[in-house]
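**Student:** Be aware that the first sequence starts at 1, since it is given in full-length UniProt numbering, and climbs by one per residue. Here a beta-carbon is modelled for each residue, glycine too, at the ideal position from N, C-alpha and C.
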Amino acid sequence: MSASPDWLFFRSALLAWYRPERRPMPWKAHPDPYCIWLSEIILQQTRVEQGLPYYERFVEAYPTVGDLAAAEDAAVMKLWEGLGYYSRARNLLKAARYVVAQYGGEFPATYEGLLTLPGVGPYTAAAIASFAFGAQVAVLDGNVFRILARFANDATPADTGPGRKHFGALASAALGDAAAPLYNQAIMDFGALVCTPRKPACPSCPLRTHCRGYALATWPELPGKTKKMARRTRYFHYLVITDRAGNTIVQQRLEKDIWQELFQFPLIETAQAGGQVTDLVHHPDWPGWLPAGELRLEKSSPPYQQQLTHQTIEAVFHTFTWEQMPKKISGYALIKNKMFIKFAFPRVITRFLADKRLLLDLFS
DNA sequence: AACACGGGGGC
DNA sequence: GCCCCAGTGTT
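1) Can you name, in chain order, every residue of its own chain whose Cβ lies under 7 Å from the Cβ of Phe363, other than the five neighbours on each side?
2) Any chance you could list the alpha helix (DSSP H) runs of at least 4 consecutive residues sitting entirely within the segment 50-92, in chain order?
3) For the segment 48-67 and the segment 26-40, state whether three or more C-beta atom pairs, one from each stretch, are separated by less than 8 Å.
4) For Ile158, which residues in the same chain have their Cβ closer than 6 Å to its Cβ, ignoring the five residues on either side in sequence?
5) Given that a residue counts as buried once 16 or more other Cβ atoms are within 10 Å of its Cβ, and exposed if not, what is Glu81?
6) If you compare alpha carbons, which of Gln251, Ser130, Val316 is closest to Lys28?
7) Using DSSP with H/G/I as helix, E/B as strand and the rest coil, what is Val194?
8) What does the alpha-carbon distance come out to for the pair His283 and Tyr304?
9) In the DSSP assignment, the beta strand (DSSP E) including Glu221 goes from what residue to what residue?
10) Under 7 Å between the Cβ atoms of Phe265 and Tyr235?
11) Would you identify the three-state DSSP class for Ile36, choosing helix, strand or coil?
12) Kindly provide the ranges of any alpha helix (DSSP H) runs that are 4 or more residues long and lie completely inside the segment 208-286, ordered along the chain.
13) Specify, as a first and last residue, the run of the beta strand (DSSP E) that Trp322 falls within.
14) So does the segment 103-115 actually touch the segment 138-154, counting three or more Cβ pairs closer than 8 Å?
15) If you count every other CB in all the chains shown that lies within 10 Å of the CB of Asp189, and 16 or more means buried, which is it?
16) How about the segment 94-104 and the segment 114-130: do they share at least three Cβ pairs that are nearer than 8 Å?
17) For Leu362, does the three-state DSSP call read helix, strand or coil?
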């Protein structure tokens with residue numbers, strides 16, 4: 001049985017490294033719970049460089065939790081467009097309204113209280129509690145799992161219940177009596193800049209002398225994992241139907257599936273790739289109100305692909321003209337070209353629209 | 001416990 | 001291609 005890792009060395013060296021290397025973040029300047037919370041939700045499973053512009057736009061549009069609580073759902077979804085994991089946006093709004101309704105606009109100041117907010121789990125509650133309220137709790141995220149697993153040469157999978165608990169104990173031991181707000185920032189910056197998932201900067205690492213994963217050369221296999229995910233491919237046929245006046249039919253995705261609350265064109269999902277457009281008419285997904293005989297196919301796009309975590313989406317866009325389009329279609333919206341800016345679409349659709357716009361510009 | 005949920009970047 | 005990222009909610 002080997003002695004436990006030298007956690008005193010760990011936190012001392014980490015904090016010594018952090019002082020000169022710290023990354024400036026807009027929300028580090030003032031420990032405002034609203035800004036901390038907003039930034040933490042945005043950064044869930046998201047790189048800092050990707051999330052930063054969204055953070056800036058949200059703070060600008062909604063400077064306080066009251067402003068956010070009063071916002072329209074669609075406006076928040078639009079501001080979140082392109083960032084992914086859209087349940088975060090829905091829960092963001094829910095939580096803002098909850099904070100206003102239940103707590104008079106003041107965020108709960110404890111880990112347990114924060115945990116009651118939709119979209120706030122163990123990581124985010126610990127982050128807000130320490131950053132905004134100075135609570136002595138250690139955060140547990142992907143960086144922390146990786147760093148601790150390597151430093152202690154511990155292959156326990158972190159993606160299980162017991163694994164989380166195990167690393168929770170290590171994280172508390174590592175934190176010790178260090179100042180939690182500073183320490184938590186330090187360990188996450190360290191994971192982003194030094195102890196990176198691949199090609200970590202071991203030669204210049206200040207923890208190298210006591211790192212068991214480095215000494216035993218086991219670090220490439222750490223942290224341990226159990227998860228394996230199967231991917232499936234889904235084939236989407238989008239019907240881009242436009243009338244002579246330039247109205248296009250769109251609908252909101254409300255079913256329990258990917259991209260909830262985002263907008264799209266009428267969709268037919270097929271089990272296989274390819275197939276003739278004329279076959280789509282006989283597909284069960286074909287909208288009953290849509291008279292195939294009155295549509296004129298202009299063109300079918302090449303397949304647009306989008307990778308999701310567990311799915312590959314292959315989307316073809318079939319552009320139609322429908323001269324006698326009704327003024328209203330129940331369950332759908334008819335929107336003009338310039339109104340597309342108001343609706344949030346999944347990436348695969350905004351990419352198609354960008355290409356389409358380019359073509360229009362070329363020919364106009 | 002296992003799975004679903006986006007999108008981008010690194011190699 | 002595959003992996004991972006300042007994880008959470010549902011089943």
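**Tutor:** So, to answer that:
1) At Phe363, the pLDDT of 41 sits below 50, so the modelled position is not reliable; the number obtained from the coordinates is stated separately. Contacts found: none.
2) 65-69, 73-80
3) yes
4) Checking the sequence shown, residue 158 turns out to be Ala, not Ile. Closer than 6 Å at the Cβ level, and outside the excluded window around Ala158, lie Phe145, Phe167, Pro223.
5) buried
6) Ser130
7) coil
8) 21 Å
9) Element bounds for Glu221: n/a, residue is neither H nor E.
10) no
11) helix
12) 212-215, 277-280
13) 311-322
14) no
15) buried
16) yes
17) The pLDDT assigned to Leu362 is 44, lower than 50, so where the model puts this residue is not dependable; a value taken from the coordinates is nonetheless given after this. Of the three classes helix, strand and coil, the one that applies to Leu362 here is helix, per DSSP.
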